[in-house]
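Just below is one structure, and these are the notes that go with it.
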Amino acid sequence: MAMLTRALAVASFFFVLGLPSGLASSILFGTYSSLEFNCEAGDLLGYEVKIFPVATGTVAAIQAADGGAGRASIAVVRVDGDGIEFDIPEEGAIFRGQALTSGLVGEIVYKNDIHRKIEIPRRVSYWDRLPSKCPL
């Protein structure tokens, strides 16, 4: 009975004060990928973002591809209400938007103040999918 009382007290505490930040942002965690191989040009294009928790907060592993597999980088994910933001160091840009159950939706803001709308679907990593079949 004491165990049940303690569990109810803890649950009530979180209900009143809100979830701990790690639990509240758990919808963020996962893989988002727009990476696709273009058979005609022979290019790999798109983005892949893996968001996961670490001891100090939340980070994103990011790979941008514009013709070939780009270099990967790790960035701190900043969460502000419903919005998220992280740097894309390899492009000198910032992603600003939201993590939805369907994917990342927002914009990439480049240092020269160019804004590009982007949607990156939540799905299995490009690197874990079967290779694209290109017609001969």
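Oh and the sequence shown: position 63 is 63 in our numbering, straight run, nothing missing. The C-beta atom is built at its ideal place from N, Cα and C for all residues, glycine as well.
Taking 8 Å as the cut-off, the Cβ atoms of Ile88 and Ile51 do not count as close. A contact is defined here as three or more CB-CB pairs under 8 Å, and the region 63-74 meets this definition with respect to the region 28-44. DSSP places Thr31 inside the beta strand (DSSP E), whose first and last residues are Gly30 to Ser33. With 16 or more neighbouring CB atoms inside 10 Å of its own CB, Ser33 falls in the buried class. Around the Cβ of Ala64, a 10 Å sphere holds 16 or more other Cβ atoms; the residue is buried.
For Pro53, the enclosing beta strand (DSSP E) covers residues Asp43 to Val54.
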